[in-house]
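FYI, the numbering for the sequence shown is -18 to -1, 1 to 246, going by mature numbering (1 follows the signal peptide of the UniProt record, and there is no 0).
Yeah, the Cβ is synthetic: ideal placement off N, Cα and C, and Gly gets one too.
Predicted model, so just to flag it, every value in this text is computed and none were measured.
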Amino acid sequence: MKSSILFAALSSIASVTAYPQYLETRQAWTPQEWIAPGDGDSRGPCPGLNTLANHGYLPRNGKGINLSKLADAMLAGFNIARSDAVILYSQAIRTSPNYPLASSFDLSDLGTHGILEHDISLSRSDAYFADPNPFNATVWAETASHFTTPMITVEQVAKARMGRLATSKATNPEHELSALADGFSWGECASFFEIMADGTTGTVNKTFIEYWFRNERMPTEIGWKRRSTTMPSSERLKYTRLLEEAAGVSGILRRDAYGRPLFH
Ligand code: HEM
């Protein structure tokens, strides 16, 4: 009897050693501690990167983010491929005041209007009306009015984004949306389905999105799990295409989800 228990124990240790992923999938993933940003911490208009800093995957002060810190954080926190971080870093670095000599950026650099930060955000004000960096409850209420079912769909996000475009055009005398911002904003919308869901369904739980945007925190306490498969860049492009098709604007864009030129 004792020897059979010993044998069972030894064989389970052996299988874990041989297949480290076995251990990983059996243990629930929990995020690093969430701590609200303090005075002097740098935060910007991106709920994704602010969340990674609030959980300590990025430096908690939001400063001095180089490529290796960014790629490690996106992979560890959201299971996003390093190749995706490489492309986004090449855009992020352009917002640093030290560009083209910069080798890192701060989260607040991303909020400089007209480089990456743009009008028509889902949860931030147009820069003409107010600081475009913090979450804005009025703007978010307009966006969320399109999320009419417990599971948000690609069509709903496309409508919400086109609704923000229409509002900005109608009310902002300085409304502007560069080709880069146009493509980039679809890429931001795509992250709903890739990061707050697992990229397979084209739907996402509304409560996860609400919690994430309002708190800049991973919604694990209400049941969200980090996706178990690594998100490749091809998936961001796929969801961008689906969103554009749902909005009836596919084929019009001159930039992809990373702001890179497209040639038709
Ligand atoms: C280096 C990587 C990244 C860069 C440079 C970046 C940059 C930005 C910038 C500049 C904005 C503001 C655009 C605007 O609304 O004016 C933004 C918004 C956004 N980002 Fe990121 N981001 C990055 C990574 C991520 C990640 C990992 C996620 C998801 C987990 C994410 C999700 C979003 C979403 C959903 C928005 C839209 C916010 C809104 O419209 O209110 N981003 N990002």
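No Cβ-Cβ contact shorter than 8 angstroms links T202 with T33. Closest by C-alpha distance to L225, out of D23, T77 and V139, is V139. Spanning the alpha carbons of G26 and Q9 requires a straight line of approximately 33 angstroms.
Of all alpha-carbon atoms in S105, L98, E176 and Y71, the one lying nearest the alpha-carbon of E198 is that of S105.
Between the stretch 210 to 222 and the stretch 59 to 67, the count of Cβ pairs shorter than 8 angstroms is three or higher; the stretches touch.
Note that the C-beta distance between L49 and T77 is not below 8 angstroms.
Its Cα nearest to that of T222, the residue F174 stands out among D180, F174, L70 and F195. Of the heavy atoms belonging to the ligand HEM, at least one sits nearer than 7 angstroms to the Cβ of F60. Relative to the non-hydrogen atoms of the ligand HEM, the Cβ of R106 comes within a distance shorter than 7 angstroms of at least one.
Using a Cβ distance threshold of 8 angstroms, H100 and L159 count as a contacting pair. Note: F87 is bridge-paired with I47 in the DSSP secondary-structure output. Residue side-chain check: E99 places its Cβ nearer than 7 angstroms to a non-hydrogen atom of the ligand HEM. Taking the C-beta atoms as reference points, R143 is found no nearer than 8 angstroms to A239. Per the coordinates, the alpha-carbon of I234 lies some 15 angstroms from the alpha-carbon of L219. Under the three-state reduction of DSSP, R237 is assigned to strand. According to DSSP, residue pairing for T135 in a beta bridge involves T185. Straight through space, the alpha carbons of E170 and S215 are spaced by roughly 13 angstroms. Secondary structure at E192: helix, using DSSP grouped into helix, strand and coil. The Cβ atoms of Q14 and G38 sit closer than 8 angstroms to each other. Here E217 carries a helix assignment [DSSP, helix/strand/coil]. Taking each of A161, E192 and S167 in turn and checking the Cα distance to P243, the smallest one comes out for A161. Distances between the C-beta of I177 and the heavy atoms of the ligand HEM include at least one below 7 angstroms. Between A18 and N43, the C-beta gap is not smaller than 8 angstroms, which leaves the two residues out of contact. The alpha-carbon separation between N80 and N118 amounts to approximately 29 angstroms. The criterion of a C-beta distance shorter than 8 angstroms is not satisfied by D180 and R237. For secondary structure counted as the beta strand (DSSP E) over 3 or more consecutive residues, the stretch 105 to 187 holds these complete runs in sequence order: 133 to 135 and 185 to 187. A161 has its Cβ no nearer than 7 angstroms to any heavy atom of the ligand HEM.
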